[in-house]
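Engineer: Counting the sequence shown from 1 gives a position; my numbering is that position plus 214. Yeah, the Cβ is synthetic: ideal placement off N, Cα and C, and Gly gets one too.
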Amino acid sequence: MTRRLLLSYLSLAALVLLCLEIPLGFVYSRGERERVVNAAKDEAESVSAYAALSLAAGRAERDLPARAAHCARRIGGKVVIVDAAGAPLATSHPLNAGVSGGLAARPGIAAALRGTSTVDVRTSTIGGVEYLSVAAPVGQEARPVGAVWLTVPTRTVHERVHHVWLLLALGGAAVLAAVAVLGFAFARWAGRPIRELEQATHDLADGGRFAPVTITKGPPEVRSLAAAFNRTAARLAHLLASQRAFAGEASHQLKTPLAALRLRLENLEPDVAARARGSLTAAVTETDRLARMVEHLLAMARLEEHAAIPATVDLGAVCAERHRTWQPLFAREDVSLVLFGGSVGPVLAVPGAVEQIMDNLLSNALRASPAGSTVTIELRLQPPSRRALRDSRPRWVDLHVTDEGPGMTEEQRARAFDRFWRAPGAPKGGTGLGLALVQRLAHASGGEAALRAAATGGLDVVIRLPSARPPGEAQGPDGDRPRRPRREAPALPA
Numbered sequence: 215m216t217r218r219l220l221l222s223y224l225s226l227a228a229l230v231l232l233c234l235e236i237p238l239g240f241v242y243s244r245g246e247r248e249r250v251v252n253a254a255k256d257e258a259e260s261v262s263a264y265a266a267l268s269l270a271a272g273r274a275e276r277d278l279p280a281r282a283a284h285c286a287r288r289i290g291g292k293v294v295i296v297d298a299a300g301a302p303l304a305t306s307h308p309l310n311a312g313v314s315g316g317l318a319a320r321p322g323i324a325a326a327l328r329g330t331s332t333v334d335v336r337t338s339t340i341g342g343v344e345y346l347s348v349a350a351p352v353g354q355e356a357r358p359v360g361a362v363w364l365t366v367p368t369r370t371v372h373e374r375v376h377h378v379w380l381l382l383a384l385g386g387a388a389v390l391a392a393v394a395v396l397g398f399a400f401a402r403w404a405g406r407p408i409r410e411l412e413q414a415t416h417d418l419a420d421g422g423r424f425a426p427v428t429i430t431k432g433p434p435e436v437r438s439l440a441a442a443f444n445r446t447a448a449r450l451a452h453l454l455a456s457q458r459a460f461a462g463e464a465s466h467q468l469k470t471p472l473a474a475l476r477l478r479l480e481n482l483e484p485d486v487a488a489r490a491r492g493s494l495t496a497a498v499t500e501t502d503r504l505a506r507m508v509e510h511l512l513a514m515a516r517l518e519e520h521a522a523i524p525a526t527v528d529l530g531a532v533c534a535e536r537h538r539t540w541q542p543l544f545a546r547e548d549v550s551l552v553l554f555g556g557s558v559g560p561v562l563a564v565p566g567a568v569e570q571i572m573d574n575l576l577s578n579a580l581r582a583s584p585a586g587s588t589v590t591i592e593l594r595l596q597p598p599s600r601r602a603l604r605d606s607r608p609r610w611v612d613l614h615v616t617d618e619g620p621g622m623t624e625e626q627r628a629r630a631f632d633r634f635w636r637a638p639g640a641p642k643g644g645t646g647l648g649l650a651l652v653q654r655l656a657h658a659s660g661g662e663a664a665l666r667a668a669a670t671g672g673l674d675v676v677i678r679l680p681s682a683r684p685p686g687e688a689q690g691p692d693g694d695r696p697r698r699p700r701r702e703a704p705a706l707p708a
C-alpha cells in the first residue's frame with residue numbers, strides 16, 4: 215500500500231511539473247528569441263539610418279568603416295554595408311574577392327536592395343537560437359541606395375536557453391524528491407492502521423492469541439474494517455476455545471470411566487463361565503478401542519489447541535528408530551517390516567508429528583497385513599524440475615508405507631481421512647481416527663497425505679513433507695544427482 219500511494223503521489227507531481235515546466239521553457243525560449251531578433255533589427259535600422267545620412271553627406275568612405283567596426287564590436291558579430299549595386303562600402307571584417315563579388319546574390323541583401331527588410335532565424339529543437347542574420351535597406355524603401363547586413367553570434371543565447379532548461383529540470387527533480395520524502399512519510403502514516411490490521415490477521419492465522427486492533431486511527435473505512443475484524447476474530451476465538459475445551463474435557467472425562475470399566479472387566483474374568491469368555495474378551499477389546507479413540511481425540515485436541523511451528527526433523531533417523539521399535543511386533547505376527555532409506559536430508563515437521571504418523575501408519579498396516587506378507591517403509595526425495603533449477607520453493611520428501619493387505623477401492627480411499635470412518639470389513643480394534651490424525655499432522659507440518667493403490671495389491675500411504683535443505687542444494691549434499699534409496703534393513707528372507 216505504501217509503494218502504491220508513493221507511486222501515485224510521484225506520478226501526480228510529475229504530471230503537474232510536466233504541464234507547467236515544458237510550456238514555461240518554450241515561452242522563455244520564444245521570448246528570448248524575439249528579444250534577440252528585435253535587438254538585431256533595431257541595430258540594423260540604426261546602422262541603415264546612419265549609412266543613409268553618410269551617403270547623403272558624401273562622407274561614406276570616411277564614416278561608414280568606423281561605424282561598421284563600432285557596431286560589430288557592440289553586438290559581437292559582423293556588419294557589412296553595400297551600395298545599390300551590391301559592392302561593399304564598409305565591412306567590420308576583411309572579405310576575400312569571392313565573398314565580395316557574391317554579396318549581391320545573397321537572399322537577405324538582394325531583398326534589402328529591393329527595399330524589403332529580412333530576418334533569417336534558425337532555432338534548435340528546444341527553442342534556442344542557432345543562427346541570426348538581419349538585412350535592412352539604406353535610404354527610401356522605394357529606391358534604396360544600399361543595404362546593411364548583420365550576422366549576430368547566438369552561442370550566448372543558445373547557452374542561456376539551455377541553462378534555463380537545466381534549471382527547470384533540476385527544479386523538477388528537487389520537487390519530486392521533496393514529494394517523495396513527504397509522500398513516503400504520509401503513506402507510512404496513512405498505511406499504519408492497515409499494517410496493524412495485517413499483522414493482527416497474520417498473528418491470528420498463525421495461531422497466536424487474539425489481540426484487538428485499534429479502531430480510532432485511519433479513515434472511516436479502515437476503522438469500520440478494524441471493528442468488523444475485531445468482532446469476527448473475537449467470535450472465532452470464542453468458537454475455537456469452546457471446541458477445544460469440549461474436546462479436551464470430554465476426552466479427559468472419558469479416560470477415567472474407561473480405565474475403571476476395563477479394570478472391572480478384568481476382575482470379572484475368574485467368575486465368568488467358559489461359554490461367556492468370548493463375550494468378555496470382545497468387551498475388553500471394545501474397551502481398548504474406546505481408550506485408543508480417546509487418546510486420538512486428545513492428540514487432535516492438543517494439535518488444534520497448540521499451533522506448533524514446524525521445526526527441522528531428521529526423517530531418516532526417526533524412521534529407523536520406529537522401525538526398530540515396531541519390528542518385534544511385526545515379527546510376532548509373522549509380517550516382515552522393511553525400511554528403505556536414503557540421503558533425503560532433514561524435513562520440516564511439527565515436533566513429534568513424524569513419530570505419531572509412523573505409529574498410526576504402522577499400526578494400521580500391521581492390522582491389515584496377512585501373515586507372511588511384507589510392509590515396506592521407503593523415503594524418496596522429489597528433485598526440482600529442470601526448468602526451475604534456481605527455484606526457491608521448497609522441495610519435498612515422500613514417506614511411503616506400503617502393505618500387501620486387501621487395500622481399498624477408490625471411493626474408500628476418498629473417505630479414509632474422514633473422522634470415525636472405517637472401511638467395510640476392516641479388522642477389529644480400529645478407531646477411525648488414525649488416518650484423520652495423520653492428515654492433520656501432515657497439514658500442520660506444511661505437507662499433505664495421500665492414499666494410493668499399491669502395486670502389490672495393498673495400500674500405499676504417502677506422506678509428503680517439505681525438505682529443510684536450502685534451495686541451492688538441489689542435487690544432493692555433494693552437488694551430484696540425488697542418490698538412489700539404499701536399504702537400511704535386510705531384505706526379505708529367502
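1. Please classify A383: is it buried, with 16 or more other beta-carbons within 10 angstroms of its beta-carbon, or exposed?
2. By the 10 Å Cβ neighbour count, where 16 or more other Cβ atoms means buried, how is E592 classified, buried or exposed?
3. Need the endpoints of the beta strand (DSSP E) that D297 sits in, please.
4. Using only alpha-carbon positions, find the residue among L220, S331 and G492 that is nearest to A401.
5. Looking at C-alpha atoms only, which residue of T415, S243, D256 and G315 is the closest neighbour of E373?
6. Determine, using beta carbons only, whether T304 and A282 come nearer to each other than 8 Å.
7. Can the beta-carbon of L752 be found closer than 8 Å to that of V615?
8. From the DSSP output, in three-state form, read off V652 for me.
9. R218: which of A404, G353 and C233 sits nearest, CA to CA?
10. For A228, which of R476, A391, A459 and F544 has the nearest alpha-carbon?
11. Pick helix, strand or coil for F400, following the three-state DSSP scheme.
12. Does DSSP classify A630 as helix, strand or coil?
13. Is it true that the CB of A286 sits closer than 8 Å to the CB of S306?
14. Going by other Cβ atoms of all chains shown within 10 Å of its Cβ, with 16 needed for buried, is E483 buried or exposed?
15. Consult DSSP for T368 and reduce its assignment to one of helix, strand or coil.
16. Beta-carbon within less than 6 Å of G648's beta-carbon, same chain only, minus the 5 sequence neighbours each way: which residues are those?
17. For D485, is the classification buried or exposed, using 16 other Cβ atoms within 10 angstroms of its Cβ as the cut-off for buried?
18. Which of helix, strand or coil does DSSP assign to V395?
19. Taking the alpha carbon of A534 as the reference point, which residue from D632, G556, A326 and R476 has its own alpha carbon closest?
20. Once you ignore the five residues that flank G621 on each side, which residues in its own chain have a CB closer than 8 Å to its CB?
21. Using DSSP bridges, identify the partner residues of W379.
22. Would a C-beta distance cut-off of 8 Å place F631 and A650 closer than the cut-off?
Structural biologist: The answer reads as follows:
1. Counting of Cβ neighbours within 10 angstroms places A383 among the exposed residues, the total staying below 16.
2. buried
3. K292 to D297
4. For A401, the nearest C-alpha among the options comes from L220.
5. Looking only at T415, S243, D256 and G315, the smallest Cα-Cα distance to E373 is reached by S243.
6. Contrary to the premise, residue 304 reads as Ala rather than Thr in this sequence. Result yes, Cβ atoms of A304 and A282 sit closer than 8 Å.
7. Look at the range of the chain in this structure, 215 to 708, and you will see that residue 752 is not part of it.
8. DSSP places V652 in helix when its eight states are reduced to three.
9. A404
10. A391
11. helix
12. coil
13. yes
14. Exposed, since its Cβ has fewer than 16 Cβ neighbours within 10 Å.
15. coil
16. Within the same chain, G648 has close Cβ partners N574 and N578.
17. exposed
18. helix
19. Of the candidates D632, G556, A326 and R476, G556 places its Cα closest to the Cα of A534.
20. A667, A668, G671, G672 and L673
21. In DSSP, W379 forms no bridge with anything.
22. yes
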